[in-house]
Structures are given as structure tokens and as C-alpha cells.
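J.: Below you'll find the structure I mean.
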Amino acid sequence: MKTRMLQAEGHLIDSGILSKILNNILAKGGDYRIVSFTVGKTPEETSQLEIELIAKDDSILESLHNALKILGVFEKSVPSAMLATVDKDRHAPENFYSSSNHRTEVFFQDTWHPVENQRMDGALVYDAGLQKFFCRKLRDLQAGDLVVCGSDAIRIFPVEVERKVSDKAANDFAFMTNTVSSERSVDTAVEKLAQELLRIRAKAGKTVVVCGPVVVHTGGADALASLVRHGFVQGFLGGNAIAVHDLELRFYGTSLGVDLKTGDVSEHGHSHHMRSINRINGCGSMQAAVDSGILREGLMYEVIKAGIPYCLAGSIRDDGPLPETVNDMIEAQRQYSKIIEGADLIVMLSSMLHSIGVGNMTPSWVKTICIDINPAVVTKLSDRGSGQAIGIVSDVGFFLRALAERLENFGA
Ligand SMILES: NC(=O)c1ccc[n+]([C@@H]2O[C@H](COP(=O)([O-])OP(=O)(O)OC[C@H]3O[C@@H](n4cnc5c(N)ncnc54)[C@H](O)[C@@H]3O)[C@@H](O)[C@H]2O)c1
């Protein structure tokens, strides 16, 4: 029998991580011996686990160990991180460590170092001058960079392990766990999100909204504009379409040519979105349209007026595109991740493309809520690693109107 001594620490019992660790070992054909387990006595105190992993050969042992790493389990006698030099720009050493979105530390020169700029699918670069590790996209690697190879000197902290029992706000928000349910009461979701938005606004925190054009088609744009106007949104991400359709609504009262008040199809309405783009082109930009008084209301008006950072990422579907749409995808990704930096909460509203894009660049400890009519969107987010996303299956217009109504007495 082959054995390896491992350890884990955190809120192992309340989070259910301990049973996940043990079940995982047995399910994958291994065995274990608990060497010691110290239970945190107060809700603030963490538990410590020391466990001997047992398997019949080295390859099973290795695969078991790898499966446990994502649960925050790490080696007891951690070796110092192996660093290798990048030979040419954008090309990591073959066995580079590819990051997850969980908080990560690297054991190097006898101490654990926290990783900065955490995101999934990055390499870990050591800055010898700063003596710090950073997550970096492969395309940003430069010849000479020192990159962590292998995963033996890595430990990660899944969000559940870190969530304190006493953190009422965090636990309240993770209501009904982060699985998607169409039976979950939308009223409860509206209430919890309203409380969270109020809490974040009160502490001058940061809420970032990711938004698709369905918000306009379903009559939710005014409600969202009101949230922006009243300081509930500190960053706005979307594509060309959300702006185009919001402009169509402001200039023509229609969305995709349908009068949003009467529901009637407007004559020549199909051209309204193109005429809206044309009008903005005439002004030079949406900003210029706001400055000159041509654009006087609406979601984009409020975003621009509030001066909150925003990015409209281009796509192959785009009409126009509008002057402010960022068509260089690398640049759009850069702007997105800058806007997400330091976010307390990300609210994803009916855009599969941009929601998954944002999920890819967001650390797992950032609270994320995704409102979409299709439960598969949240499942997709989770499958791609954004397991923290809470899914609310609802018509987004209905949801936003209910949210704005709930926050009416607080300015919205
Ligand atoms: N005219 C244009 O320029 C134009 C038009 C459309 C899209 N686009 C661009 O195409 C890209 C993808 O667009 P997207 O994000 O809209 O598409 P998407 O397919 O990525 O996402 C649309 C989402 O809306 C959800 N949805 C549909 N009806 C809903 C409802 N009533 N309530 C809640 N959710 C609902 C769907 O389930 C889906 O997940 C974007 O970059 C966008 O800007 C451009």
C-alpha cells in the first residue's frame, strides 16, 4: 500500500467539505486514516485535519490527491514551488500550473505566499523583485518570467471552507445553496438581492452588472436605469446590443420594432435600431449625444451620466457597432477584468455570452447572481468553474421591476 500525509483547514464541518473529502477518497477506490482532527470551538475558529491517504499504487494515490486539491487539501510536507523560466513570450513551460478561480497560495522559500489577481486559467508568475506571485494569462507571459510548475506546492481555499458560520450576510445570500432552481421563489430572491444591494451601497462597495439586450425587450431597462441613478451599480458590462436597444427605446419607444407600451409592431420598426445607431454616429458617440442633450434618458444615459466604468464588448452579431463598442476582444477582456476588480457582487442579467465571459475572469469568492429564463445558463456557468453563481430562473424584466419597486423607498 502507498500512503501520503495530507492536511486541510477551514470551516470543514459546516461547509460539508470534510464529508466530501472522505466520500471522494472512498468513491475513487482509496482509503484513509484520520491522524488528527481539531474542531474549531467558536464559529470563528477553523478546524484542522491531518489525514493519511492510502491507495494500492502510486498512480491511484496521485489521482486521489489531485481530486482532493480542489477541496483545499494539501500535502503535509510541502515541497518548495518549482519555478521554470518562460522561454518565449506567450509560451509557458509544458507542466505549468493552470490556476483555478479559488483563493490560492504557493509554498516557496519556507512560507506560503498568497496569489494576486486570482482568476481561472492563468499561470502563476513569481515577481522576484516584489517577492509575490501573480495570476497571468498565457498571452501576457514574457520571456524570462518565472512560472510555477506542478501543483505540489499549491493550496487552494474553496469558498465554502472560508465562509464563517457567523457571516450572516454571506450565508443569507447563499440562500438555498448555489444550485439553480426554477422553483426558488423569485420574491425571496428579489428581497435578498435588494438587501445585498443596500448593504453594498451603504459601505460604498462595488456592484457590477452584466447585461444583455433582453433587459430592454422585456421592459426592465427603466428599472435598471433607476438602480444606476440611485447608486446601486458601480460597473456596467455588456455588448453592443444592450446599448443599441436601449437607444432604440429612447429614440423611438420600441424594442426590436415593438412598441413597449402597447405591444404593437411599429411600422418600419425593424429599422429603428439602425436609425438609432446612425443618430449616435451623427453625434460621434453616446457620450457626445448625452453632452448635446440628444440622449436625455434611459439606461445608457444613466450609466454615462453616473460616470461609472462600463465596457461594451463587440461580437460577430453586432450591428453598427456603436462608436463606444470595443471590437478588439483582448482589449475588451482587459477592460472587463479591470471593471470587475474588487467587486463585492456581480449581477448577471440575461446574457449567456457575457455572463460566462465574466465568470471566467472572476475569483470564486465574489458573490455572483445570474438571472436568466433558462436554467441551463447557470449550469453552464458552474460547469465552466463559476460554481459560486446563484441562479434565479425568471423573466429578467419582471425581476428588475420587482427589484426597483422593492428599493423604491431607498432612492430607486
Ligand atoms: N443588434 C445587435 O448589434 C445585436 C443584437 C443581438 C445581440 N448582439 C450581440 O450578440 C452577443 C450575444 O447577445 P446576448 O447576450 O443577447 O445573447 P446570449 O444568447 O448570449 O444571451 C441571451 C440570454 O437571454 C436569456 N433570455 C431570453 N429571454 C429571457 C427573458 N425573458 N428573461 C431572462 N432571460 C432571458 C437567454 O436564456 C440567454 O441566456 C452580444 O455581444 C450582443 O451584444 C448584437
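Per our numbering, residue 792 is the first one in the sequence shown, and the count goes up by one each step. Glycine included, C-beta positions come from ideal geometry on N, C-alpha and C. Computed from a predicted model, the values in this text were never measured in an experiment.
(1) Is Glu951 near Phe924, with beta carbons less than 8 Å apart?
(2) Phe898 bridges to which residues according to DSSP?
(3) Please classify Pro834 as buried or exposed, where buried requires at least 16 neighbouring CB atoms within 10 angstroms.
(4) Return the residue from the list Glu1088, Lys811, Gly801, Val826 that minimises the CA-CA distance to Arg894.
(5) Please classify Met967: does DSSP put it in a helix, a strand, or coil?
(6) Any residue with its Cβ nearer than 6 Å to a heavy atom of ligand 1 should be included. What is that list in chain order?
(7) Could you spell out where the alpha helix (DSSP H) holding Gly1188 opens and where it closes?
(8) Please report the residue range of the alpha helix (DSSP H) in which Ile845 lies.
(9) Would you mind stating whether Ser1128 and Gly1030 have Cβ atoms separated by less than 8 Å?
(10) Near Ala872, what residues of its chain come up, given a Cβ to Cβ distance below 7 Å and the 5 sequence neighbours on each side ignored?
(11) Going by C-alpha distance, which of Ser810, Asp805, Leu809, Ile851 is nearest Thr794?
(12) Could you give the first and the last residue of the continuous alpha helix (DSSP H) run that contains Gln1078?
(13) By Cβ distance, which residues of its chain are closer than 6 Å to His1064, with the 5 residues on each side in sequence left out?
(14) Whole angstroms is fine: what's the gap from Leu1113's alpha carbon to Ile1068's?
(15) According to DSSP, is His882 helix, strand or coil?
(16) Hey, could you find the ends of the beta strand (DSSP E) Arg1070 is sitting in?
(17) At the level of alpha carbons, what is the spacing between Ala858 and Pro949?
(18) Apart from the five residues just before and just after Lys1052, which ones in its own chain have a Cβ nearer than 8 Å to its Cβ?
(19) Assuming Leu1015 contacts Leu1103 (C-beta within less than 8 Å), just tell me the rounded distance between them.
(20) Between which two residues does the beta strand (DSSP E) containing Asp1013 stretch?
(21) With DSSP run on the structure shown, which of helix, strand or coil describes Gln1025?
(22) Do you know how far the Cα of Leu803 is from the Cα of Asn814?
(23) Tell me the DSSP secondary structure of Ile991 in three-state form.
(24) Whose CA, out of Phe887, Lys832, Gly1011, Ala883, lies closest to the CA of Arg1192?
(25) Helix, strand or coil for Val864, going by three-state DSSP, please let me know.
(26) Need the endpoints of the beta strand (DSSP E) that Ser827 sits in, please.
(27) If the criterion is Cβ atoms closer than 8 Å, does the pair Ile812 and Val864 meet it?
(28) Quick check on the burial criterion: 16 or more other C-beta atoms within 10 angstroms. Buried or exposed for Leu817?
(29) Kindly list the residues whose CB is nearer than 8 Å to the CB of Gly1026, restricted to its own chain and excluding five residues on each side of it in sequence; keep chain order.
(30) Candidates Arg881, Thr1159, Ser891, Ser890: which alpha carbon is nearest Leu932's?
(31) Along the chain, where does the beta strand (DSSP E) containing Ile1163 start, and where does it finish?
(32) Say whether the region 1139 to 1151 touches the region 1165 to 1173, bearing in mind that this needs 3 or more beta-carbon pairs closer than 8 Å, one atom from each stretch.
(33) Terminal residues of the continuous alpha helix (DSSP H) containing Glu1039?
(34) Quick check on Asp931: does DSSP put it in helix, strand or coil?
T.: A quick look at the data gives this:
(1) Not a contact, by the Cβ cut-off of 8 Å.
(2) In the DSSP secondary-structure assignment, Phe898 is bridged to Trp903.
(3) Answer is exposed; the Cβ neighbour count stays below 16.
(4) Gly801
(5) Here Met967 scores only 45 on pLDDT, less than 50, and its place in the model should not be relied on; the value that follows carries that caveat. Judged by DSSP in its simplified three-state form, Met967 adopts coil rather than helix or strand.
(6) Gly1003, Pro1004, Val1005, Thr1009, Gly1030, Asn1031, Ala1032, Val1035, His1064, Ser1106, Arg1108, Asp1109, Asp1110, Ser1141, Ser1142, Met1143, Leu1144, His1145, Asp1163, Ile1164, Asn1165, Val1168, Asp1186, Val1187
(7) Unbroken alpha helix (DSSP H) run through Gly1188: 1187 to 1197.
(8) Where Ile845 is concerned, there is no enclosing alpha helix (DSSP H), although the beta strand (DSSP E) it sits in stretches over 838 to 846.
(9) No, the pair does not count as a contact, with Cβ atoms beyond the cut-off.
(10) Excluding positions up to five away in sequence, the list reads Val897, Phe898, Phe899, Val939, Ala944.
(11) Ile851
(12) 1077 to 1082
(13) Taking C-beta separations shorter than 6 Å and ignoring five residues to either side along the sequence, the partners of His1064 in its chain run Val1035, Glu1039, following chain order.
(14) About 6 Å.
(15) strand
(16) Where Arg1070 is concerned, there is no enclosing beta strand (DSSP E), although the alpha helix (DSSP H) it sits in stretches over 1063 to 1074.
(17) 13 Å
(18) Closer than 8 Å at Cβ, skipping near neighbours: Gly1044.
(19) Leu1015 to Leu1103, Cβ: 15 Å. No contact.
(20) That residue, Asp1013, is in no beta strand (DSSP E); its alpha helix (DSSP H) goes 1012 to 1020.
(21) coil
(22) The straight-line gap separating the alpha-carbon atoms of Asn814 and Leu803 is approximately 14 Å.
(23) helix
(24) Gly1011
(25) coil
(26) Counting along the chain, Ser827 sits inside the beta strand (DSSP E) bounded by residues 822 to 829.
(27) yes
(28) exposed
(29) Lys997, Thr998, Val999, Val1000, Ile1099, Pro1100, Tyr1101, Ile1130, Ile1131, Ala1134
(30) Arg881
(31) The sequence shown places Asp at residue 1163, rather than the Ile named in the question. Segment 1158 to 1163, the beta strand (DSSP E) holding Asp1163.
(32) With the rule of 3 Cβ pairs closer than 8 Å, the region 1139 to 1151 counts as touching the region 1165 to 1173.
(33) 1031 to 1043
(34) helix
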